[in-house]
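Engineer: Pasting a structure below so you can have a look.
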Amino acid sequence: MAFISALLHESIRTNGTEAKEFCYDTPFNVSCEILKGAYGTVDFVQWKAYDPRRSHWALFGYCNREMRCEIKRALLSNGIQVLQVVKATITLRASSKTSTDNQSRLRCRVDFESHTPLPHEVTINFVYCITAHKTDGEVNLSKFLESIIPWKEVDDARLFDIEGIEFAYCKSKVCVRNKSSPFSVLWNRTTVQSGSLFLTGIEESDSGLRMKAKTVSATSTRLYTIKVLVNSSQGQNSLTPTALPITGTANSSPGSSSSGPTGSPSESFAGHPTKSIVGSPSKSAAASTTQCIVRAIVTIFLAVLVPVIFIWWRLRWNGP
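Take the sequence shown: its letter number 170 is residue 170 in full-length UniProt numbering, and every next letter is one higher.
Below, the structure written as structure tokens:
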């Protein structure tokens with residue numbers, strides 16, 4: 001029964017699922033939402049990733065009660081890199097070249113001294129991001145497609161707007177506009193220069209603009225979700241957005257650790273040795289004061305009670 005209960009806790013029950021979207025080839029941070037707004041002393045924090053091929057949740061990072069954290073597995077089964085774990089916040093990176101899935105499921109579990117809430121699940125969807133500069137006014141879609149599509153294995157690629165209407169077609173890296181019916185709004189915004197497809201008229205309002213690329217090969221068909229990010233500063237167009245800033249001191253070097261989360265007290269940790277009491281400073285101070293008062297009362301009570309019991313026992317033993 002205990003095994004069945006643990007299995008249900010692991011595979012079904014969560015305190016909620018949060019959906020996030022991140023770009024390929026760009027580091028991103030994910031925080032453990034259970035720690036936000038919670039109060040109590042943390043015993044343990046662990047991060048797990050779901051492996052759909054094995055139907056298994058695999059541990060890849062954890063922190064002890066002092067928020068000293070360690071990477072257990074630096075490369076997840078779907079090709080995502082675990083860059084660091086700092087104060088229960090993980091930094092990951094999904095490579096457009098090696099990642100095998102467009103989606104990843106993560107779970108954070110926190111063991112407090114007094115209780116263990118249900119784990120919080122995060123579903124991450126990955127998109128291919130292309131950064132365009134407003135000052136350039138255009139972005140080379142063909143060059144971007146070359147960076148993400150294995151052309152040696154692909155027969156052709158077709159581009160669609162968010163409504164699913166085709167507006168361009170590429171064969172062996174040479175693209176042409178396709179004036180389809182119904183008409184795509186992106187058709188008027190694209191031009192072909194020497195076989196390369198350009199998206200023109202870039203404005204700040206285009207940030208978040210989406211399109212899809214569908215590739216066909218002898219063995220498979222694949223769909224790419226492309227998101228345009230507009231940078232208002234000057235500079236050449238880039239294939240991926242500027243990496244997000246990563247704060248904090250990196251933890252142990254990437255790689256499998258010989259010690260797990262249930263290791264001995266001498267287990268090697270790296271990170272920030274800060275006391276992990278979650279909650280506001282005022283609540284923490286109040287809790288400490290209350291504990292001191294209770295301890296003082298218990299000490300005084302024992303100091304008085306023990307001699308009285310001893311005297312009573314002596315009198316009872318010796319008799320009148």
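Backbone N, C-alpha and C define an ideal beta-carbon position, used for all residues, glycine too.
Owing to the predicted nature of the structure, the values given are computational and were not obtained by experimental measurement.
Straight-line CA distance for residue 89 to residue 32?
Structural biologist: Approximately 6 angstroms, taken between the alpha carbons.
Engineer: Looking only at its chain, what residues have a beta carbon closer than 8 angstroms to the beta carbon of residue 103, apart from the 5 residues adjacent to it on each side?
Structural biologist: 123, 124, 125 and 126, listed in sequence order.
Engineer: For the alpha helix (DSSP H) that contains residue 148, what are its first and last residues?
Structural biologist: From DSSP, the alpha helix (DSSP H) with residue 148 extends over 141-148.
Engineer: Enumerate in chain order the residues of its own chain whose CB-to-CB distance from residue 160 is below 6 angstroms, with the five nearest sequence positions on each side excluded.
Structural biologist: Answer for residue 160: 166 and 212, listed in chain order.
Engineer: Per DSSP, what kind of secondary structure is residue 192 in: helix, strand or coil?
Structural biologist: Correct three-state label for residue 192: strand.
Engineer: So, helix, strand or coil for residue 45, using DSSP?
Structural biologist: Three-state result, residue 45: strand.
Engineer: Cutting at 6 angstroms between CB atoms, please list the residues of its own chain near residue 184, excluding the five before and the five after it.
Structural biologist: 161, 165 and 167, listed in sequence order.
Engineer: Between which two residues does the beta strand (DSSP E) carrying residue 80 extend?
Structural biologist: Its beta strand (DSSP E) spans residues 80-86.
Engineer: Excluding the five sequence neighbours on either side, which residues of its own chain have a C-beta within less than 7 angstroms of the C-beta of residue 199, listed in chain order?
Structural biologist: Taken in chain order, the residues that qualify are 138, 139, 141, 189 and 190.
Engineer: At what residue ranges does the region 97-157 contain a whole run of the alpha helix (DSSP H), taking only runs of 4 or more?
Structural biologist: Runs of the alpha helix (DSSP H) inside the region 97-157: 141-148.
Engineer: Can you tell me where the beta strand (DSSP E) holding residue 166 begins and where it ends?
Structural biologist: Residues 166-171.
Engineer: Three-state secondary structure (DSSP) at residue 90?
Structural biologist: Note: residue 90 maps to strand in three-state DSSP.
Engineer: Grab the span of the beta strand (DSSP E) containing residue 32 for me, first residue to last.
Structural biologist: Counting along the chain, residue 32 falls outside any beta strand (DSSP E), and DSSP gives it neither H nor E.
Engineer: CB residue 209 to CB residue 131, shorter than 8 angstroms?
Structural biologist: No.
Engineer: Going by CA-CA distance only, name the one from 173, 163, 105 and 216 that's closest to residue 18.
Structural biologist: Considering only alpha carbons, the answer is 105.
Engineer: Go ahead and pull the three-state DSSP assignment for residue 262.
Structural biologist: Its pLDDT being 38, under 50, residue 262 is placed unreliably by the model, and the measurement read from it follows with that caveat. Residue state, collapsed to three classes: coil.
Engineer: Between the Cα of residue 194 and those of 179, 206, 174 and 203, spot the shortest distance and give me the residue it belongs to.
Structural biologist: Checking every option, the nearest Cα to that of residue 194 belongs to 174.
Engineer: If we call anything under 8 angstroms between Cβ atoms a contact, is residue 25 one with residue 113?
Structural biologist: No, the Cβ-Cβ distance between residue 25 and residue 113 is not below 8 angstroms.
Engineer: How many angstroms separate the CA atom of residue 95 from the CA atom of residue 187?
Structural biologist: C-alpha separation (whole angstroms): 30 angstroms.
Engineer: Would you tell me roughly how many angstroms separate the C-alpha atoms of residue 221 and residue 207, rounded to the nearest one?
Structural biologist: So the two alpha carbons sit approximately 28 angstroms from each other.
Engineer: Please report how far the alpha carbon of residue 67 lies from the alpha carbon of residue 111, in whole angstroms.
Structural biologist: Approximately 12 angstroms between the Cα atoms of the pair.
Engineer: Can you say whether residue 321 is buried or exposed, counting buried as having 16 or more other CB atoms within 10 angstroms of its CB?
Structural biologist: Coverage of the chain is limited to positions 1 through 320, which leaves residue 321 absent and any answer about it impossible.
Engineer: In the DSSP assignment, what are the bridge partners of residue 221?
Structural biologist: In DSSP, residue 221 forms a bridge with 216.
Engineer: Count the other CB atoms, across all protein chains shown, that sit within 10 Å of the CB of residue 119; report buried if there are 16 or more and exposed otherwise.
Structural biologist: Buried, by the Cβ-count rule.
Engineer: For residue 144, count the other beta carbons within 10 Å of its own beta carbon; 16 or more makes it buried, fewer makes it exposed. Which is it?
Structural biologist: Result: buried.
Engineer: Over the uninterrupted beta strand (DSSP E) stretch that includes residue 20, give me the two end residues.
Structural biologist: 17-23 is the span of the beta strand (DSSP E), which, as asked, contains residue 20.
Engineer: Starting from residue 54, trace the beta strand (DSSP E) both ways and give me its first and last residue.
Structural biologist: Neither: residue 54 is in no beta strand (DSSP E) and is coded neither H nor E.
Engineer: Run the CB neighbour count on residue 311, radius 10 Å, all protein chains shown included, and call it buried at 16 or more, exposed below.
Structural biologist: Exposed is the call here.
Engineer: Taking the beta strand (DSSP E) that residue 177 belongs to, which residues open and close that run?
Structural biologist: 174-177 is the extent of the beta strand (DSSP E) around residue 177.
Engineer: From residue 70 to residue 116, what distance separates their C-alpha atoms?
Structural biologist: Roughly 21 angstroms separates the two Cα atoms.
Engineer: Is the distance from the Cβ of residue 214 to the Cβ of residue 177 below 8 angstroms?
Structural biologist: Contact: no.
Engineer: In chain order, what residues of the same chain lie with their CB nearer than 6 angstroms to the CB of residue 201, ignoring the 5 residues before and after it?
Structural biologist: For residue 201, where only same-chain residues beyond five positions count, the Cβ hits under 6 angstroms are 189.
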